[in-house]
DNA sequence: CATACGTGGAC
DNA sequence: TGTCCAAGTAT
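Residue numbers (this note's numbering): 26 to 390.
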């Protein structure tokens with residue numbers, strides 16, 4: 026495109042945005058705190074899913090000071106069900122970091138924003154352009170789709186170099202004024218018109234500039250070679266009641282899958298030594314060896330297994346029940362605690378845990 | 001550079 | 001049922 030074409034392209038695109046932009050709660054002002062929070066919530070997550078979480082979160086924690094001081098239990102409760110829980114933990118760390126090292130003010134350039142935990146190249150570009158009008162691209166999945174098609178650019182977006190590559194391609198197309206609106210226009214176009222399957226090219230405001238449209242090759246872009254495989258894992262979830270009728274929950278480590286959340290005690294079948302037909306004995310031995318905890322009456326509840334799929338894992342979970350060998354036994358070596366049935370919902374629950382409780386008929390109502 | 005990290009929805 | 005996708009980042 027010539028400089029003149031680029032100017033016309035920008036004007037056309039921004040005019041379309043002005044007329045068609047979505048009314049989203051984080052677009053009502055350019056408060057960097059709200060822009061930041063929305064961008065983190067939106068990482069790998071759709072707008073419709075984020076909306077109620079954003080509402081609750083901002084109501085409970087309206088600014089950096091509140092977020093920095095929130096206790097972890099409340100933080101996770103606000104995030105429960107949204108997934109990628111390290112995002113929540115990193116938000117709090119970042120708030121503390123901003124208060125301690127930045128006087129409570131966000132740095133105003135993408136380059137500096139990337140030094141904040143949880144802010145990568147995309148989010149840095151989004152905050153810098155939207156909240157501070159820095160002329161930088163925000164290269165996310167929408168940008169890959171829109172610009173790979175616009176430019177018929179076959180760079181493989183599976184490669185880690187892709188982000189830098191497309192940033193370089195996009196930079197000359199960015200308007201000096203309203204770079205944030207331009208980036209948000211890309212997102213709205215990508216979610217409504219320039220969609221993965223069946224893009225609505227006839228409604229596209231920048232169709233005239235789109236190289237792939239001219240050759241009918243829209244669906245060949247973006248090029249993506251990598252495929253994700255889900256590892257299949259069989260597990261057992263245990264319903265263990267003490268003599269007060271409370272249920273044992275397992276506290277997961279801060280780092281890793283479902284970090285910091287509680288679930289029914291889980292054992293991967295890989296971790297059991299004995300053969301399939303002796304599962305109860307194997308579970309008993311496992312708890313004795315790993316947690317110094319004696320279980321009795323371990324039995325298969327023979328319920329339909331709970332299936333839960335993560336990005337990279339496919340879990341099939343069989344529900345078992347058990348009793349404590351000694352009702353007075355302390356569970357000091359077990360990473361968890363007993364919770365009365367009525368209070369099971371008080372802790373932050375991953376969707377997985379909600380499924381387990383429902384299958385075991387332990388949910389409220 | 002590859003892998004870990006959630007969930008819900010579309011087809 | 002299986003597969004892929006959706007405003008990515010940390011390690």
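Glycine included, each C-beta is placed from N, C-alpha and C at the ideal position.
Proximity below 8 Å, CB of residue i to CB of residue j
i	j	result
residue 154	residue 161	yes
residue 110	residue 68	no
residue 342	residue 262	yes
residue 287	residue 275	yes
residue 107	residue 58	no
residue 387	residue 283	no
residue 213	residue 46	yes
residue 98	residue 373	yes
residue 129	residue 123	yes
residue 116	residue 143	yes
residue 314	residue 260	no
residue 311	residue 289	no
residue 152	residue 60	yes
residue 345	residue 323	yes
residue 91	residue 104	no
residue 120	residue 93	yes
residue 250	residue 181	yes
Helix, strand or coil at residue i [DSSP, three-state]
i	result
residue 356	coil
residue 374	coil
residue 85	helix
residue 138	helix
residue 155	helix
residue 21	No statement about residue 21 is possible, as the shown extent of the chain runs from 26 to 390 and does not include it.
residue 78	helix
residue 166	helix
residue 160	coil
residue 180	coil
residue 231	coil
residue 324	strand
residue 246	coil
residue 362	strand
residue 127	coil
Buried versus exposed call for residue i [16 or more other C-beta atoms within 10 Å across all chains shown]
i	result
residue 243	buried
residue 64	buried
residue 27	exposed
residue 224	buried
residue 44	exposed
residue 187	buried
residue 185	exposed
Nearest to residue i (by Cα), restricted to the options the options
i	options	result
residue 206	117, 136, 345, 150	150
residue 215	229, 203, 202, 192	229
residue 178	170, 135, 184	170
residue 194	66, 133, 175	175
residue 52	267, 132, 210	210
residue 96	291, 277, 285	285
residue 348	338, 371, 309, 381	309
residue 157	371, 204, 303, 182	204
residue 73	222, 321, 217	217
residue 279	356, 101, 48, 79	101
**the segment 252 to 261 touching the segment 351 to 367, judged by at least three CB pairs closer than 8 Å** = no
**Asked** Between the segment 34 to 53 and the segment 231 to 240, do three or more beta carbon pairs fall short of 8 Å?
**Response** yes
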